[in-house]
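Asker: Input: one structure, supplied below.
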Ligand code: DP6
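In this note's numbering, the protein residues as written are 76 to 476.
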C-alpha cells in the first residue's frame, strides 16, 4: 500500500476577507479577462466575522484535480477557476525555469485538491465570490511558491476578488492595457488607519435570489447610457475624492460619497433595460432611516451601501454603534433567538422618545434576519496551525469542511 503522506509544503491553508465597495465596480470592457469600465474602491471587512478558509494540496497520488466548496464537490472545469489555476501554474513554471524560485514548486506536475468553506451561511446572501477567489489565488500561490502581484490573477476569478487581496482600504485601478496587466488592486490605507470606523451588515430576510452581478452588469453595459456616463465622467472624480476622504478620515465626506455611489449604481440598474431591482422595501427603509437619523443630529453619522442584493451595509463610527443598532432594531429588525443578532440586540441602548419621534418613520418589523457588526480588517492570511487544514492527508475533505 502506497503511503500518502504529503510534505508539509504541499498542503497549505489560508484565509481571505470579504470586501464592500464604496465606489462600485459595475461593467466590464473585457469579459474574459474581467477588465472593468471604471476603477473602484472598497473596505476590507474583518475576518473575525466574515472569511473564507481554503486548503490546497498537491500530491503524486491524486488522480485528478478536485474542488469542494462548503462541503459539496463542485465542477473543477469552471472557466474562471481554470483561469486562476492556469495563471498561478504558469508563474510557477516561469520561476522554476528562471531558477528564481527558492521556494517550492515541486508540486507542479501533480494534481491539486482544493477545499474551501465560509464562516458565514451561504444563505445570508453575502457575496462570497470575492473572498473565495482571493483565498484560492492566495493559497495556490503559496503551495506553488509564487510571489508578487497576485491581484490581477484573483481578478480573473471575480472582479471584486482582486480587492480582497489586501486589507484596509483598497482601490482597483481599471488600467489601460488590453492584456489587463495594469488592472490591479492597490492598498490606499492599511487596516490600522481608521480604527474608529465600524461596519454593520444587515442581513435581509430571505427572498428570491436576485439576478447575478456578472449577467446584470453585462446587460447594463449593453443598454444603460447612464452607466457609460457614470464610468466615464462621474467615477474618475469620485475616486480622487474618496481616496482623500479615507486619507483624512473625514467621515461626513466618506459617508456622503458612499451613499451617492450606491444610489448611482442602483440608478444604473434601473436604467438597464429590462431594469434590474436589487433594493426592496427593507432596503428603502434603511435608506430613509439613515437619512432621518443623520438629519436628526444635523450631522452625517451613518452611511448605507447596497450591492447586487437587498442586504444593507452601514458605515458609522464606534461611538454611534449602540444607538444606531437600537434605531435599526426599533424600526426594522427582528432577531430570532438563535441568530447571532442576539448578541448585538442584547447590548442595545434605550432610545430617547425624542429620537424615535425625530426619525419618525413607520416601523417595519421582521425586515432583517440578523446584524453582523464588524470593522476594517487585514488581507489574506497564511494559517500556520496544521490542525486547521480542511483536507486530510489523503487529500479528502475533513468533516469540518
Ligand atoms: C455590485 O465581482 O461579483 O458587488 O466580476 O462578474 O465576478 P464578476 O462580478 P462581481 O461584481 C461585484 C459587483 C458589486 C460592486 C463591487 O463589489 O464593486
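The C-beta atom is built at its ideal place from N, Cα and C for all residues, glycine as well. Owing to the predicted nature of the structure, the values given are computational and were not obtained by experimental measurement.
Does residue 197 have its Cβ less than 9 Å from a Cβ in chain C?
Answerer: In the structure shown, chain C cannot be found, because there is only a single protein chain.
Asker: How close, in whole Å, do the beta carbons of residue 103 and residue 296 come, if the pair is a contact with beta carbons under 8 Å?
Answerer: For the purposes of this step, residue 103 is identified with residue 28 of the chain shown, where counting begins at 1. For the purposes of this step, residue 296 is identified with residue 221 of the chain shown, where counting begins at 1. Yes, residue 103 and residue 296 are in contact; Cβ-Cβ is about 7 Å, under 8 Å.
Asker: So, with DSSP's three-state summary, where would you put residue 273?
Answerer: Reading the chain shown from its first residue, position 198 is the one you call residue 273. In this structure, residue 273 counts as strand in the three-state DSSP scheme.
Asker: Is the distance from the Cβ of residue 141 to the Cβ of residue 187 below 9 Å?
Answerer: Your numbering for residue 141 matches position 66 in the chain shown. Your numbering for residue 187 matches position 112 in the chain shown. Yes, they are a contact pair.
Asker: When we look at the beta-carbon of residue 153 and count the other beta-carbons within 10 Å, is it buried (16 or more) or exposed?
Answerer: The residue labelled residue 153 in the question sits at position 78 within the chain shown. Under this definition residue 153 is an exposed residue.
Asker: Can you determine whether any heavy atom of the ligand DP6 sits closer than 8 Å to the C-beta of residue 379, and answer yes or no?
Answerer: Numbered from 1 along the chain shown, position 304 holds the residue referred to as residue 379. It does not: the Cβ of residue 379 is nowhere closer than 8 Å to a heavy atom of the ligand DP6.
Asker: Could you say if the stretch 113-129 and the stretch 237-255 meet the contact criterion of at least three C-beta pairs nearer than 8 Å?
Answerer: They touch, by the three-pair rule.
Asker: Kindly identify the DSSP beta-bridge partner or partners of residue 261.
Answerer: To locate residue 261, count along the chain shown from 1; it is residue 186. Bridge partners of residue 261: 246.
Asker: Name the DSSP bridge partner or partners of residue 118?
Answerer: Position 43 of the chain shown, counted from the first residue, corresponds to residue 118. Its beta-bridge partners are 95, 244.
Asker: Applying the criterion that 16 or more other CB atoms from any shown protein chain within 10 Å of the CB defines a buried residue, is residue 465 buried or exposed?
Answerer: Looking up residue 465 in the chain shown gives position 390. Flag for residue 465 reads buried.
Asker: Do residue 486 and residue 390 have their CB atoms nearer than 9 Å?
Answerer: For the chain, the structure presents residues 76 to 476; residue 486 sits outside this window and is missing.
Asker: Output needed for residue 356: all residues of its chain with C-beta closer than 8 Å, excluding positions within five of it in sequence on either side, in chain order.
Answerer: Residue mapping note: residue 356 aligns to position 281 of the chain shown, counting from 1. Taken in chain order, the residues that qualify are 439, 442.
Asker: Hey, would you say residue 229 sits closer than 9 Å to residue 213, going by beta carbons?
Answerer: The residue labelled residue 229 in the question sits at position 154 within the chain shown. The residue labelled residue 213 in the question sits at position 138 within the chain shown. It is a contact, given that the beta carbons lie within the stated cut-off.
Asker: Comparing C-alpha positions only, which one of 293, 292, 327, 338 sits nearest to residue 309?
Answerer: Within the chain shown, numbered from 1, the residue matching residue 309 stands at position 234. Ranking 293, 292, 327, 338 by Cα distance to residue 309 puts 338 first.
Asker: Examine the Cβ distances between the stretch 124-136 and the stretch 251-261 and report whether three or more of them are shorter than 8 Å.
Answerer: These segments do not touch.
Asker: The beta strand (DSSP E) that contains residue 381, what's its start and end?
Answerer: What you label residue 381 is simply residue 306 of the chain shown in a count that begins at 1. Here the beta strand (DSSP E) through residue 381 covers 377-381.
Asker: For residue 390, name the three-state secondary structure that DSSP assigns.
Answerer: For this step, residue 390 is matched to residue 315 along the chain shown. Strand.
Asker: Can you look up residue 80 in the DSSP assignment and give me helix, strand or coil?
Answerer: Translated into positions along the chain shown, residue 80 becomes position 5. The predicted position of residue 80 is uncertain, since its pLDDT is 48 and thus under 50; a value taken from the coordinates is nonetheless stated next. Residue 80: coil per DSSP, three-state reduction.
Asker: Would you give the residue range spanned by the beta strand (DSSP E) that residue 395 belongs to?
Answerer: In the chain shown, counting from the first residue as 1, residue 395 sits at position 320. Per DSSP, residue 395 belongs to no beta strand (DSSP E) and is neither H nor E.
Asker: Of all the alpha helix (DSSP H) runs that stay within the bounds of the stretch 105-193, which reach a length of 4 or more residues?
Answerer: Listed in chain order, the complete alpha helix (DSSP H) runs (minimum 4 residues) inside the stretch 105-193 are 154-173.
Asker: What are the partner residues of residue 318, as DSSP defines its beta bridges?
Answerer: On the chain shown, position 243 is the one that residue 318 refers to. Answer is none; residue 318 lacks a bridge partner.
Asker: Within 8 Å: the Cβ of residue 387 and any heavy atom of the ligand DP6?
Answerer: On the chain shown, residue 387 is found 312 positions in, with the first residue counted as 1. No, Cβ of residue 387 sits at least 8 Å from all heavy atoms of the ligand DP6.
Asker: Any heavy atom of the ligand DP6 inside 8 Å of the beta-carbon of residue 391?
Answerer: By one-based count along the chain shown, residue 391 stands at place 316. False, no ligand heavy atom lies under 8 Å from that Cβ.
Asker: Can you check DSSP and say which residues form a bridge with residue 408?
Answerer: Here residue 408 refers to the residue found at position 333 when the chain shown is read from its first residue. BP columns for residue 408 point to 443.
Asker: In chain order, what residues of the same chain lie with their CB nearer than 7 Å to the CB of residue 109, ignoring the 5 residues before and after it?
Answerer: Taking the first residue of the chain shown as 1, we reach residue 109 at position 34. Around residue 109: 103, 230, 231, 234.
Asker: For residue 163, which residues from the same chain have a beta carbon less than 7 Å from its beta carbon, with the 5 sequence-adjacent residues on both sides left out?
Answerer: Numbered from its first residue, the chain shown carries residue 163 at position 88. The answer, listed in chain order, is 212, 215, 216, 219, 221, 228.
Asker: On the premise that residue 183 lies in contact with residue 168, defined as a C-beta separation below 8 Å, what is that separation, rounded to the nearest angstrom?
Answerer: As a working note, residue 168 is residue 93 in the chain shown. As a working note, residue 183 is residue 108 in the chain shown. Sure, about 7 Å apart at Cβ, within 8 Å.
Asker: May I ask you to report which of helix, strand or coil DSSP gives residue 425?
Answerer: Here the question's residue 425 lines up with position 350 in the chain shown. Coil.
Asker: Which of helix, strand or coil does DSSP assign to residue 213?
Answerer: To locate residue 213, count along the chain shown from 1; it is residue 138. Here residue 213 sits in helix by DSSP.
Asker: Roughly how many whole angstroms lie between the Cα atoms of residue 361 and residue 190?
Answerer: As a position in the chain shown, residue 361 is number 286, starting the count at 1. As a position in the chain shown, residue 190 is number 115, starting the count at 1. Taking the straight line joining both Cα atoms gives about 36 Å.
Asker: Compute the beta-carbon to beta-carbon distance between residue 249 and residue 114, rounded to the nearest angstrom, for a pair I have assumed lies under 8 Å.
Answerer: Walking along the chain shown from the start, residue 249 turns up at place 174. Walking along the chain shown from the start, residue 114 turns up at place 39. 5 Å between Cβ atoms; contact.
Asker: Which same chain residues end up closer than 6 Å to residue 412 when comparing Cβ atoms and leaving out the 5 residues on each side of it in sequence?
Answerer: Counted from its first residue, the chain shown places residue 412 at position 337. In this prediction, residue 412 has a pLDDT of 44, which is less than 50 and means its spatial position is unreliable; nothing more can be read from the coordinates.
Asker: Could you name the residues of the same chain whose beta carbon sits closer than 7 Å to that of residue 313, not counting the 5 residues immediately before and after it, in chain order?
Answerer: The count along the chain shown starts at 1 and reaches residue 313 at position 238. Answer for residue 313: 98, 332, 336, listed in chain order.
Asker: Going along the chain, which residues of its own chain have a beta-carbon closer than 7 Å to the beta-carbon of residue 285, five neighbours each way excluded?
Answerer: Here residue 285 is taken as the residue at index 210 of the chain shown, counted from 1. Within the same chain, residue 285 has close Cβ partners 353, 383, 384.
Asker: Tell me the rounded alpha-carbon separation between residue 437 and residue 406.
Answerer: The residue you call residue 437 lines up with position 362 of the chain shown. The residue you call residue 406 lines up with position 331 of the chain shown. Rounded to whole angstroms, residue 437 to residue 406 spans 7 Å at the Cα level.
Asker: Would you mind sorting residue 416 into buried or exposed? The rule is 16 or more other CB atoms within 10 Å of its CB.
Answerer: Stepping through the chain shown from its first residue, residue 416 is reached at position 341. Residue confidence is low: residue 416 scores 48 on pLDDT, short of 50, so the model does not pin down where it sits. No coordinate-derived value is stated.
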